[in-house]
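Numbering (this note's numbering), first residue to last: 205 to 1105. We put the CB at the ideal spot given by N, CA and C, even for glycine. Heads up: the structure comes next, in structure tokens.
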Amino acid sequence: MCDRYAVPSLEDTCVRWITKNLHYVITRCSDCSEPKYVWRFPHPNCRIVARPAEKILLKLCKRQILRDEYLSLFSIKYVDLVSPVLRDVSVNPSTLRVLRDFKLYNLTATSLKQTNLNSLISCLSEASADNLVSLNVSNTTIEENKLPVIISLGRLKNLQALNVSRTKFTTECLQNAVKLLPRLQYLNISRTNINNITSLLDLRGTLMGLIMHKLNLDSRQVLERVLLTVFELRELRVLDVSSASDRDKPRLPIVSRLCAPGTLPHLTHLDICGNQFSLKLSDVRNFIVNHPNLEFLGLAAWPSRQNHELEGIYQLSLKYPHITMLGDRGETPLLNTLMRNKDRRIYLQNAFHNIFEETISREWLNPDLLAAVLRVMRLHMNKQDMILAGTAVVYNLTRGEQSAHLPLELLNRAVSITLMSIEHHQGQVQLLKNCFLTLCSDNVLHRAQFSCKRCCELVFKSLIKFNDIHMKRMGVAIISILAAEIPTADLREISSDHKRLQQLLMYVVEKCLLQRDVDALLAESHDNMLDYLGHAEVALEGSPVYDTTLRFTLSALWNLTDECPEACQAFVKVGGLLIYAKVLKKMANEEEDFKNHVYTKCLGLLNNVAEVSSTKNTLLIEPLMDFFNKMLSHSSIQISYFAAGIVSHLACLPDDVWISALQYNKAEFIRVLGEAVCKWTPPQNEMVAYRSFHPFQSLILDSNSRLEIHLWAVWAIHHILTKKNTRYVPILRECPNLQRFLLFVVSTDVATLCAAQTSSHPLRQIFGLNLEAAEGGVLKSGPVVVPESWRSLCSSLYFIPPQRKVSNYKSSSSLYHSHQSASLAFVTPGDALARLPAFDEGQTGPPMSGSPVVTGMEPVVAEEAVSLGPSESQKACAHLLQRLAVEIIEAVLAYEAENHS
């Protein structure tokens, strides 16, 4: 079934759109005496023919939006009706009079809340009364005064099919109906008050279908009388005597006659689910043999005392594949049970339990079965016991590698129903855990298409409500994976509820800190920002615990704050920095791997905080700054990398901000930063993933940026782009100033990189480039060819001379300064820190015209003392910066070559 999904017809697609957007296609009648609506037809004479009109009516019922004023849309002026269906709606009998203008042949009006059988039939025209073939009034009110009901039914002389299930239809009503409706061929009296069907003997020559699901046949005498009557109805093709599973009824001797040759010879359909006649496996075999026309046999919900026979029934289903069998064992019988019993919960729930038992120890890759389970769950979403069992089955049918092989549309539906189950049943812990089990899968979370934001919000809601260790572990894993995929706008909304971040931080505290640590935090905090930690279940003694819950919690916090200033602000506001400072200090004496994992994830989040202008200064606190300084030289490149990122962002803060925070060693931090980056050996695997390169661009554009800071940013871009150019080259294209900067780096020499000063208007200045036009029109920048997608940048590159005079220096006259050259004189700004000119996209001068030309610095006479020049550390930084920039551009060229071929 799942591999053979039919594409919806154009008619069904239109019907679905109309019902979802009803307000676009209708308008309120302005000159009508009563409130009602009319269609917005493009032409006055438009009409909707019967089939689509009936589909629209049914769809409005299913969506629970059909109201009295909408029934005017289905008057004979606008539509044709032949077989309308009204289901589970609250409409006034007076508005149902629109049916009087039609000649109906079939009418379904089930579960009507304001209309009874008598008033419904009174709304039919004489033509409809004379021609009506079938009437379904299941679960519709029948007045206690029987005579009017019978008189109303008596109008329907040609009625052949009547469904009065789940009504107060009695034995007396049945007797009168049989007399008044002599042409009845199909009768459904399921779940009524009837306990004697003897009157049906008057229909023995015409009755072909009798449905008696869950009739009250408790006594041995009543059961025997019913069977004797049934045996006389020799024209029966369909017989349903299904019931609830009963363990106590003894087997009646007359049951053998049911299975004997000649009894009900035309029978094609027998539903005996629940086995109220206490049939044995041998009886079932005899029945099949003696009824050669049999096409359907319902044998589900067999009593548990006969469990030894369940396998035998399954074997019968294999032996007689032409017979559709319902059963409690085997994929096909269980699937049939789900497909044929959409409104019989006792069998559906029993089937769920049986499927769960059969799939608990092995994987069943059966898309049809999963589709049927999801359909049942959707129809019974408000029934908690059904959904509890259903969610357990969904997990068994999607776990492991099964989810990787399911059709994507089906997997999407499974996730949709799972999320719907969480929404509807927030109070059932086990049900929620079942849902979390289904969602907590890489295949499900990465393959399925659904709203990550909605899923995260539902998971957070459950985590905040219940303190369950298993839900914690799975919940934080789901959030950590999805948060990496959520757009920044959605992260902003998620973090707007501070309780969510507080919940995650509580998990971190519970795993890493002791009660005395929490007491110390509460004493240190201001404005009661950490009061929520009073609810944390913290140990009195012991060591930190690094398990999957802590690992995913730290990842979740990291991902939720990624490139989301609002989330970073919320993290700071709920005391996240104080907690992290305490956790990092607590880790100092822990086992190396444990400690390094925590360090990496904490530093990753603090990197996010450092990227935000409104929160970066909050990191200038003593415990964290000491930690960052130590981590710059850490043996783990991942830890050193993130520490360097934090220091790079903090180093862009003005000196007075550092001083006001009692931090006086900014220059030393920058020096150690540059030395650390130069010592890194690039890892083989990708250490981190980025949504964009805008944080790096902002870092380079910052007026306080330095050579060492630029080096860290370029190293980070180089690390991921050269490994995954397919993913990151398009991201680099979103940052034209980064591209200009890279071209500047490769087109100048080490001397310029170390000596260049920031002008007095840094944000209005861009880098000048040394460019040359090679043979064949290939544009080059320094030692590399300019990527084709970057050529447009070159026409707008020009150089604005610095506003302040610099020390005595003259540029080389060559077209290209080798990035290996280090023999030229160097100059440095007064603070002895190497800088590069900052730039942006704003331009104040004319673009270059004609062929690319060399731009360089004009010699000027120094008015200041000559500097000692850059340190060896700065020279190493400049050399590495150029090499990395060259390799980035080469990766871009390789990407363009691959995509052009």
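Can you say whether glutamate 745 is buried or exposed, counting buried as having 16 or more other CB atoms within 10 angstroms of its CB? Within the sequence shown, residue 745 is the residue found at index 541, counting from 1. Counting Cβ neighbours within 10 Å, glutamate 745 comes out exposed, since fewer than 16 surround it.
As assigned by DSSP and simplified to three states, the class of asparagine 869: Here residue 869 refers to the residue found at position 665 of the sequence shown. Three-state DSSP puts asparagine 869 in coil, outside helix and strand.
Is DSSP giving tryptophan 243 helix, strand or coil here? Your numbering for residue 243 matches position 39 in the sequence shown. Correct three-state label for tryptophan 243: strand.
Straight-line gap, isoleucine 783 to methionine 710 (C-alpha atoms, nearest Å): Taking the sequence shown and counting its residues from 1, one reaches residue 783 at position 579. Taking the sequence shown and counting its residues from 1, one reaches residue 710 at position 506. Isoleucine 783 and methionine 710 have their alpha carbons spaced roughly 9 Å apart.
Using 9 Å as the threshold, is the C-beta distance between phenylalanine 873 and alanine 855 below it? Position 669 of the sequence shown, counting from 1, holds the residue named residue 873. Position 651 of the sequence shown, counting from 1, holds the residue named residue 855. Yes; because the gap between Cβ atoms is below 9 Å, this pair is in contact.
Under 9 Å between C-beta atoms of phenylalanine 556 and methionine 529: Your numbering for residue 556 matches position 352 in the sequence shown. Your numbering for residue 529 matches position 325 in the sequence shown. Taking 9 Å as the Cβ cut-off, phenylalanine 556 and methionine 529 do not qualify as a contacting pair.
Sort Trp762, Ser403, Ser342, Leu360 by Cα distance to serine 332 and report the nearest one. Taking the sequence shown and counting its residues from 1, the one referred to as residue 332 is at position 128. For the residues Trp762, Ser403, Ser342, Leu360, the minimum Cα distance to serine 332 belongs to Leu360.
Simplified DSSP assignment, three categories, for leucine 734: Counting from one through the sequence shown, the residue named residue 734 turns up at place 530. Coil at leucine 734, not helix or strand.
Under DSSP, the beta strand (DSSP E) around asparagine 310 begins and ends at which residues? Locating residue 310 in the sequence shown gives position 106, counting from the first residue. Note, asparagine 310: beta strand (DSSP E), 310-314.
Range of the contiguous alpha helix (DSSP H) that encloses tyrosine 784: Within the sequence shown, numbered from 1, the residue matching residue 784 stands at position 580. Segment 780-790, the alpha helix (DSSP H) holding tyrosine 784.
Ignore the nearest five residues each way along the sequence and tell me which others in phenylalanine 798's own chain have a CB closer than 6 Å to its CB. For the purposes of this step, residue 798 is identified with residue 594 of the sequence shown, where counting begins at 1. Cβ neighbours of phenylalanine 798 beyond the five flanking positions: Tyr750.
Measuring straight from C-alpha to C-alpha, what distance separates leucine 462 and lysine 307? The count along the sequence shown starts at 1 and reaches residue 462 at position 258. The count along the sequence shown starts at 1 and reaches residue 307 at position 103. A direct Cα-to-Cα measurement between leucine 462 and lysine 307 gives close to 42 Å.
With which residues is phenylalanine 846 paired in a DSSP beta bridge? Here residue 846 refers to the residue found at position 642 when the sequence shown is read from its first residue. Per DSSP, none; premise fails for phenylalanine 846.
Apart from the five residues just before and just after leucine 285, which ones in its own chain have a Cβ nearer than 7 Å to its Cβ? To locate residue 285, count along the sequence shown from 1; it is residue 81. Ala254, Ala257, Glu258, Phe278, Phe306, Leu308.
Taking 9 Å as the cut-off, decide whether the C-beta atoms of methionine 624 and arginine 582 are in contact. Position 420 of the sequence shown, counting from 1, holds the residue named residue 624. Position 378 of the sequence shown, counting from 1, holds the residue named residue 582. For the 9 Å CB-CB criterion, methionine 624 and arginine 582 form a contact.
Leucine 369 versus Arg387, Ser276, Asp547, Leu807, residue with shortest Cα-Cα distance: Along the sequence shown, read from residue 1 onward, the residue named residue 369 stands at position 165. Note on residue identity: the sequence assigns serine, not leucine, to residue 369. The residue with the shortest Cα to Cα distance from serine 369 is Asp547.
Let's test the definition: count the other Cβ atoms within 10 Å of the Cβ of lysine 676 and tell me whether it reaches 16, buried, or not, exposed. Taking the first residue of the sequence shown as position 1, residue 676 is located at position 472. By the Cβ neighbour-count rule, lysine 676 is buried, with 16 or more other Cβ atoms within 10 Å of its own.
Could you tell me which residues DSSP pairs with aspartate 444 in its beta bridges? Here residue 444 is taken as the residue at index 240 of the sequence shown, counted from 1. Residue pairing from DSSP places aspartate 444 in a beta bridge opposite Ile415, Asp475.
The region 722-736 in contact with the region 640-658 per 3-pair CB rule at 8 Å: no
C-alpha gap between leucine 592 and methionine 585, whole angstroms: Walking along the sequence shown from the start, residue 592 turns up at place 388. Walking along the sequence shown from the start, residue 585 turns up at place 381. Going from the Cα of leucine 592 to the Cα of methionine 585 covers about 10 Å.
Proximity to serine 403 [Cα-Cα], best of Arg387, Lys669, Thr375, Leu421: On the sequence shown, residue 403 is found 199 positions in, with the first residue counted as 1. That would be Thr375, whose Cα lies nearest to the Cα of serine 403.
Counted within 10 angstroms of its Cβ, other Cβ atoms place proline 212 as buried (16 or more) or exposed: Reading the sequence shown from its first residue, position 8 is the one you call residue 212. In the assembly as shown, proline 212 is an exposed residue. Its beta-carbon has fewer than 16 other beta-carbons within 10 Å.
Using only CA atoms, which one of Arg704, Arg755, Ala955 lies nearest to valine 778? Here residue 778 is taken as the residue at index 574 of the sequence shown, counted from 1. When only C-alpha atoms are compared, the closest one is Arg704.
Classify alanine 464 as helix, strand or coil using the three-state DSSP reduction. Looking up residue 464 in the sequence shown gives position 260. Residue state, collapsed to three classes: coil.
If you measure between the beta carbons of valine 861 and asparagine 811, is that distance less than 9 Å? Residue 861 sits at position 657 when you count from the first residue of the sequence shown. Residue 811 sits at position 607 when you count from the first residue of the sequence shown. It is not a contact, given that the beta carbons lie outside the stated cut-off.
Contact between the region 892-901 and the region 937-956 is defined here as three or more beta-carbon pairs at a separation below 8 Å; is this criterion met? yes
For threonine 231, the first and last residue of its enclosing beta strand (DSSP E): For this step, residue 231 is matched to residue 27 along the sequence shown. Taken as a continuous stretch (DSSP letters only), the beta strand (DSSP E) holding threonine 231 covers 230-232.
Does DSSP put isoleucine 280 in a helix, in a strand, or in coil? Position 76 of the sequence shown holds residue 280. DSSP places isoleucine 280 in coil when its eight states are reduced to three.
Throw me the rounded Cβ distance for the leucine 498 and leucine 520 pair, which I believe falls under 8 Å. What you label residue 498 is simply residue 294 of the sequence shown in a count that begins at 1. What you label residue 520 is simply residue 316 of the sequence shown in a count that begins at 1. Not confirmed; about 11 Å, so no contact.
The beta strand (DSSP E) with arginine 720 in it runs from where to where? Numbered from 1 along the sequence shown, position 516 holds the residue referred to as residue 720. Unbroken run through arginine 720 is the alpha helix (DSSP H), 719-728; no beta strand (DSSP E).
Output the boundary residues of the beta strand (DSSP E) element that contains arginine 291. Taking the sequence shown and counting its residues from 1, one reaches residue 291 at position 87. Counting along the chain, the beta strand (DSSP E) containing arginine 291 begins and ends at 289-291.
Beta-carbon within less than 6 Å of leucine 734's beta-carbon, same chain only, minus the 5 sequence neighbours each way: which residues are those? One-based indexing of the sequence shown puts residue 734 at position 530. Leu725, Leu726, Gly779.
Can you give me the start and stop residues for the alpha helix (DSSP H) that threonine 374 sits inside? Here residue 374 is taken as the residue at index 170 of the sequence shown, counted from 1. Here threonine 374 belongs to no alpha helix (DSSP H), and DSSP marks it neither H nor E.
According to the neighbour-count rule (16 or more other Cβ atoms, all chains shown, within 10 Å of its Cβ), is arginine 617 buried or exposed? Counting from one through the sequence shown, the residue named residue 617 turns up at place 413. With 16 or more Cβ atoms within 10 Å of its Cβ, arginine 617 is classed as buried.
Please work out which residues of its chain come closer than 6 Å, Cβ to Cβ, to asparagine 392, disregarding the five sequence neighbours upstream and downstream, and give them in chain order. In the sequence shown, counting from the first residue as 1, residue 392 sits at position 188. For asparagine 392, where only same-chain residues beyond five positions count, the Cβ hits under 6 Å are Asn367, Ser369, Ile415.
Helix, strand or coil at serine 338 according to DSSP, with G and I counted as helix: Along the sequence shown, one-based indexing puts residue 338 at 134. Of the three classes helix, strand and coil, the one that applies to serine 338 here is strand, per DSSP.
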